[in-house]
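Residue numbers (this note's numbering), protein chains in the order written: chain A, 2 to 318; chain B, 2 to 318.
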């Protein structure tokens, strides 16, 4: 069975290990940093954000960035796709080799999420936890719906506005279960460990108490964000209630197990691209040279196009 | 007595004129455009935004830009000091020659207005109407308080995010009377005439109906925006109620009369700098050469410094 220990730069994850040495390794935090390599011109169809690790090796943000920054402490990595207060719907391209960030496209044009009053763009740093997968073949026992075929989404409530493609270390606080067109789409509420107040946030009730209105705004945001595009309000499991830290941790860990089956080809990947460079025992692991060729084939980086002014409209729904 | 007719590029403003020709001139819209000339590096103490008219002549945004774009239609000019969703408290430097935009300074450091949840920066394009002055020597009959010594402030609710220093044409919809440290500080609600929906907005109730929540948010914003800086909540006249279009028009026109007395030296200017280049019969009118010398003496324009990340904090008050 796949585990973290087999992934470069990661820590052991066998929970039943009895060796003291192994135990020590298990508790050691992963101090990794990643850099981005942009291709194409921002705000065009060709724009991509690829990732490299500290060795300069190209990595997939979906498969190669370790889920855990510190497994013993339940500190996870998260990849920031959409910085707070921005609108461009950037996401990990799960079907493309090396899974760069890419802007979602609707009807041939770049997708920018509408501003729903009183909110400006996304109200958190929005992103995903690597090495997780919401299996569309698995019906969730709680929600009664299958997964949406993506890594699990996060909303980082820390005060720092992250940059696109930034890989941060986060603490899990709770989760909201969005039901998007019949699929379970977990939105895990996390806080960046770098936040000076991170110590005060350990569970969903801390958010309710210390950031009054933020959970309600989060619920409203997800409920209404597609209405300006002519879609109905989104639905939620659990009557829209946020589940707590333990529930969220269980969910994240479960999606990590689904990912393990995916990357080891125990589950059929379908359209997903599982090419990776660090999961050494995965049948999808490719050479550094092959990975470089993927990035080199992408458009050359250039100055950004302006964001269309229509994106600045505020909608009152 | 000073009037609009004496100001270059402006229309006549003598309301009792009986000549047909004069009447025609009075009703003609002013189609002026202005450009900005930035000096110093943005986000530093030296940064300034000067203004030029279509002839390339340096002008004061306080004194030289005509109050009216179309007097007969009650269309006003407004100078955008703070674009929507930004935080830098830029303002017309009333005490400096030619009154460039300049960032307010508190305790030696640049002032950025805090984000009060759920809002991000200013929630309108915020600015001022030229050729108006809230006379500190005049006690307002309605509010019982004197003016704050500044041009009258506007909140543009149009959907376009304007640029810093942009001069727009606006329609007056209503007003809120903030009482700031015992001074009357009118916040006039306007809409950019360029907004595709401007025709639908003619009075304060149209805002209430078509942009639900925006007036309430405006009130809350002004009430709380200084709280993160350790100040008490702001107070309002009229129990915080918005006054309608006619009331607001009366207020704006009254402040224009105060400005006329100021610029013609009938009222003592105190620390205000009334240097101008277009109010030809003003004792403060200076030559183009003198105006150019003022701008040339300012720091050379350079690339912007980053905005401190602390400005990104969200406050829950």
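Glycine included, every Cβ here is placed at the ideal spot set by N, Cα and C.
Burial state of residue i, where buried means 16 or more other Cβ atoms lie within 10 Å
i, result
"residue 190 of chain B", "buried"
"residue 142 of chain B", "exposed"
"residue 101 of chain A", "buried"
"residue 211 of chain A", "exposed"
"residue 157 of chain A", "buried"
"residue 232 of chain B", "exposed"
"residue 121 of chain B", "buried"
"residue 36 of chain A", "exposed"
"residue 132 of chain A", "buried"
"residue 310 of chain B", "exposed"
"residue 239 of chain A", "exposed"
"residue 192 of chain A", "buried"
"residue 201 of chain B", "exposed"
"residue 28 of chain B", "Confidence at residue 28 of chain B is low in this model, with a pLDDT of 46, below 50, so its placement is unreliable and the value that follows should be read with caution. Exposed is the call here."
"residue 106 of chain B", "exposed"
"residue 221 of chain B", "buried"
Chain-order list of residues whose beta-carbon lies under 7 Å from that of residue i (same chain, five-residue window excluded)
i, result
"residue 55 of chain A", "33, 34"
"residue 84 of chain B", "126, 162, 163, 164, 165"
"residue 104 of chain B", "48, 89, 90, 91, 111, 112"
"residue 304 of chain A", "42"
"residue 188 of chain A", "154, 156, 176, 177, 179, 223"
"residue 209 of chain A", "216"
"residue 257 of chain B", "68, 132, 133"
"residue 234 of chain B", "224, 225, 228"
Residues that residue i bridges to, as DSSP identifies them
i, result
"residue 185 of chain B", "B:148, B:180"
"residue 71 of chain A", "A:76"
"residue 315 of chain A", "A:116"
"residue 59 of chain A", "A:53"
"residue 105 of chain B", "None, per the DSSP bridge assignment."
"residue 157 of chain A", "A:126, A:191"
"residue 39 of chain B", "B:50"
"residue 237 of chain B", "B:179"
"residue 173 of chain B", "B:191"
"residue 323 of chain A", "This structure cannot speak to residue 323 of chain A, because chain A is shown only from 2 to 318."
"residue 110 of chain B", "B:107"
"residue 83 of chain B", "B:127"
"residue 140 of chain B", "B:147"
"residue 168 of chain A", "A:80"
Candidates the options: closest to residue i by CA position
i, options, result
"residue 173 of chain B", "B:52, B:182, B:105, B:207", "B:207"
"residue 289 of chain B", "B:65, B:44, B:103, B:187", "B:65"
"residue 119 of chain A", "A:200, A:225, A:199", "A:225"
"residue 270 of chain B", "B:151, B:131, B:36, B:123", "B:151"
"residue 67 of chain A", "A:281, A:182, A:314, A:298", "A:281"
"residue 308 of chain B", "B:243, B:149, B:114", "B:114"
"residue 250 of chain A", "A:148, A:155, A:44, A:63", "A:155"
"residue 312 of chain B", "B:78, B:96, B:87, B:97", "B:87"
"residue 217 of chain A", "A:109, A:200, A:243, A:254", "A:243"
"residue 197 of chain A", "B:72, B:109, B:253, B:314", "B:314"
"residue 144 of chain B", "B:254, B:306, B:241", "B:241"
"residue 123 of chain A", "A:219, A:254, A:57, A:248", "A:219"
"residue 72 of chain B", "B:109, B:254, B:236", "B:254"
Cutoff 6 Å; reference residue i; Cβ partners in own chain excluding five residues on either side
i, result
"residue 300 of chain A", "40, 41, 47"
"residue 94 of chain B", "100, 101, 103"
"residue 149 of chain B", "135, 184, 186"
"residue 61 of chain A", "99, 100, 277"
"residue 348 of chain B", "Past the boundaries of the shown model lies residue 348 of chain B; chain B is included only from 2 to 318, so the question cannot be answered."
"residue 302 of chain A", "39, 40"
"residue 74 of chain B", "none"
Close Cβ partners of residue i (< 8 Å) along its chain, the five nearest in sequence each way excluded
i, result
"residue 59 of chain B", "38, 51, 52, 53, 99, 278, 289, 292, 293, 295, 296"
"residue 76 of chain B", "30, 69, 70, 170, 171, 172, 194"
"residue 268 of chain B", "136, 138, 259, 262"
"residue 22 of chain B", "At residue 22 of chain B, the pLDDT of 39 sits below 50, so the modelled position is not reliable and the matter cannot be decided from this model."
"residue 203 of chain A", "172, 174, 246"
"residue 287 of chain A", "276, 277, 278"
"residue 283 of chain A", "3, 64, 264, 265, 266, 275, 277"
"residue 146 of chain B", "140, 180, 183, 184, 185, 238"
Cβ distance (whole Å) where residue i is taken to contact residue j below 8 Å
i, j, result
"residue 229 of chain B", "residue 318 of chain B", "6 Å"
"residue 175 of chain A", "residue 205 of chain A", "3 Å"
"residue 316 of chain B", "residue 44 of chain B", "Actually they are not in contact, since the Cβ atoms of residue 316 of chain B and residue 44 of chain B sit about 21 Å apart, beyond 8 Å."
"residue 182 of chain B", "residue 128 of chain B", "Actually they are not in contact, since the Cβ atoms of residue 182 of chain B and residue 128 of chain B sit about 21 Å apart, beyond 8 Å."
"residue 273 of chain A", "residue 140 of chain A", "Rounded, the Cβ-Cβ distance is 19 Å, inconsistent with contact."
"residue 130 of chain B", "residue 199 of chain B", "Residue 130 of chain B to residue 199 of chain B, Cβ: 17 Å. No contact."
Distance cut-off 8 Å: residue i Cβ against heavy atoms of the ligand FAD
i, result
"residue 250 of chain B", "The model on display carries no ligand, and the ligand FAD is accordingly not part of it."
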